[in-house]
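Reading through the structure tokens given below for one structure.
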Amino acid sequence: MKNHRSFASDNNAPVHEKVMQALSEANKSDVIAYGDDLYTTDAERKFRHYFQSEVEVFFVFNGTGANVSAISNLTHSYHGIITAETSHMNNDECGAPEKFSGCKLLTVKTSNGKISVDDIKKFLHSKGFEHHSQPKVISISQPTELGTLYKPEEILKLAHFADEHDMYLHIDGARIANAVAALNISLAELITYTGVDVISFGGTKNGMMYGEAVVFINNLLASDFKYVRKQSMQLASKMRYISAQFNAMFYDDLWLKNARHANKMAKYLELKLEETPEIKITQPVETNAIFAIVPKQIIEPLQKEYFFYVWDDDRNEVRWMTHFQTTADDIDNFIKSLKNLLR
Ligand SMILES: Cc1ncc(COP(=O)(O)O)c(C=O)c1O
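With numbering that gives the first Met the number 0 applied, the sequence shown corresponds to residues 0 to 342, in that order.
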């Protein structure tokens, strides 16, 4: 394969050079294991700064681990977790949320990846009925797996609903930086002040090598999480290498710069795609993903040049993603290849 930029996923991006430097700097001597170190204390302090709150922060290896350990901490196995049918938890975690929490996922059909209070009221019928899983967590992704965004007021409504009905609101924030950047508001405005209980906070897709955090805004829920994290096999002995990466991401707002760039490149790709009437964009381009229906005959040859995923085989719908290193030239070249194939 040529040395092209991939449009398959922000997971395909390299590690940001500042993160590599931070890893190297953290590699000079011994420090105490399992997070009792200055890198970790410093990273936790930075999280509290951005959340504008005394959040409890726990570093974990990956996004699936963040989601699974977060929801396991909030539930018993007789509980149900309400989530969009399109969610990563429902489709791309190989049943880990069900296996490790024991809970049933209560899925909601959506047209754009977003769930609303109206969509989930129906689950209240199960409350108190011993034959049904008891709804306990609403889990939304921000941005969604379709690249769309919840406005803060939409999150607020879901949080109120959760509160009123003795449930918790969890956010899968694998790409939370892209959401904060796109909405141009603070993390606190988007998450802390809207009443979210806990978020899986992503780092990997935005320039880190690996590492995410489970952040409890409702810090009363965090008291036993250290045991849950260990049982979930997400406790890193060499924790400093996750913390140091987050420190690099937060230094000088690198996390937001990276995300802004990725979002901007998706907008540029959208603009270029609008020149080709054969391509039909299917979702609003609000962050760093583009979903589009494309003529079937070009999918395979284009994938050979620029690997990407087919999202929905039946509709010939594909997903293209940009990331912090995508350039306008990468996109121009991609469009050139695409237009050649359409000829
Ligand atoms: C929305 C969302 N949540 C969570 C994840 C976490 O995935 P992983 O366990 O591969 O880090 C991903 C990865 O693609 C994702 O897109």
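For every residue, glycine included, the Cβ atom is placed at its ideal position computed from N, Cα and C. Keep in mind the model is a prediction, meaning the values are calculated, not measured.
- Cβ-Cβ distances below 7 Å link Ala69 to His169, Val197, Ser199 and Val213 in the same chain, with the five nearest sequence neighbours on each side left out; the list follows chain order.
- Taken atom to atom, the span from the alpha-carbon of Asp311 to that of Lys279 is near 14 Å.
- With respect to the 8 Å criterion, Tyr308 and Phe333 are not classified as neighbours on the basis of their beta carbons.
- With a contact defined as Cβ atoms closer than 8 Å, Gly34 and Met238 qualify at about 4 Å.
- In the DSSP assignment, Lys103 forms a beta bridge with Gly79.
- Contact between Phe60 and Gln233 holds: CB atoms are separated by about 6 Å, below the 8 Å threshold.
- Counting every other CB atom within 10 Å of its CB across the protein chains shown gives Asp251 a total below 16, marking it as exposed.
- Three or more beta-carbon pairs separated by less than 8 Å are not found between the stretch 156-173 and the stretch 24-31, which leaves the two stretches without contact.
- DSSP lists Phe215 as the beta-bridge partner residues of Glu55.
- Beta-bridge annotation (DSSP): Arg318 is paired with Phe290 and Tyr308.
- Ala173 has its Cβ nearer than 7 Å to a heavy atom of ligand 1.
- Counting only the Cα atoms, Ser71 lies some 12 Å from Lys225.
- Setting aside the 5 residues that flank it on each side, Gln282 is surrounded in the same chain by Asn111, Leu145, Gly146, Thr147 and Phe290, each with a C-beta closer than 7 Å to its C-beta; the list follows chain order.
- Judged by DSSP in its simplified three-state form, Pro142 adopts coil rather than helix or strand.
- Counting along the chain, the unbroken alpha helix (DSSP H) around Leu270 starts and ends at Leu253 to Leu272.
- In its chain, beyond the 5 residues on either side, Gln324 have a beta carbon closer than 8 Å to the beta carbon of Pro13.
- In the three-state scheme derived from DSSP, where H, G and I count as helix and E and B as strand, Leu148 is classed as coil.
- Leu189: not part of any alpha helix (DSSP H); DSSP gives it neither H nor E.
- When rounded, the separation of the alpha-carbon atoms in Cys102 and Ile137 is 12 Å.
- Residue environment analysis places Leu219 among the exposed positions, since fewer than 16 neighbouring C-beta atoms fall within 10 angstroms of its C-beta.
- With a contact defined as Cβ atoms closer than 8 Å, Val107 and Glu84 qualify at about 6 Å.
- DSSP places Val30 in the coil class of the three-state scheme, outside both helix and strand.
- The alpha-carbon of Leu182 is positioned some 32 Å away from that of Pro294.
- Annotated three-state conformation of Pro134 is strand, per DSSP.
- An exposed status is given to Thr326, since fewer than 16 other beta-carbon atoms sit within 10 Å of its beta-carbon.
- Beyond the five residues adjoining it in sequence on each side, Glu24 comes within less than 8 Å, by CB distance, of Ala243 in the same chain, given in chain order.
- Fewer than three beta-carbon pairs drawn from the stretch 261-275 and the stretch 43-58 are found closer than 8 Å, and the two stretches are therefore not classed as touching.
- Under the DSSP assignment, Phe122 falls outside any alpha helix (DSSP H); it carries neither an H nor an E label.
- In this structure Val195 is not in contact with Ala235, their Cβ atoms being roughly 24 Å apart against a cut-off of 8 Å.
- Tyr77 is the residue among Tyr77, Arg44 and Gly210 whose C-alpha sits nearest the C-alpha of Ser132.
- Glu84 has its Cβ no nearer than 7 Å to any heavy atom of ligand 1.
- Going by C-alpha positions, Ser336 is about 46 Å away from Gln51.
- For the 8 Å CB-CB criterion, Asn10 and Lys204 form a contact.
- For Leu155, the CB contacts under 7 Å within the same chain, skipping 5 residues up- and downstream, are Thr193 and Gly194 in chain order.
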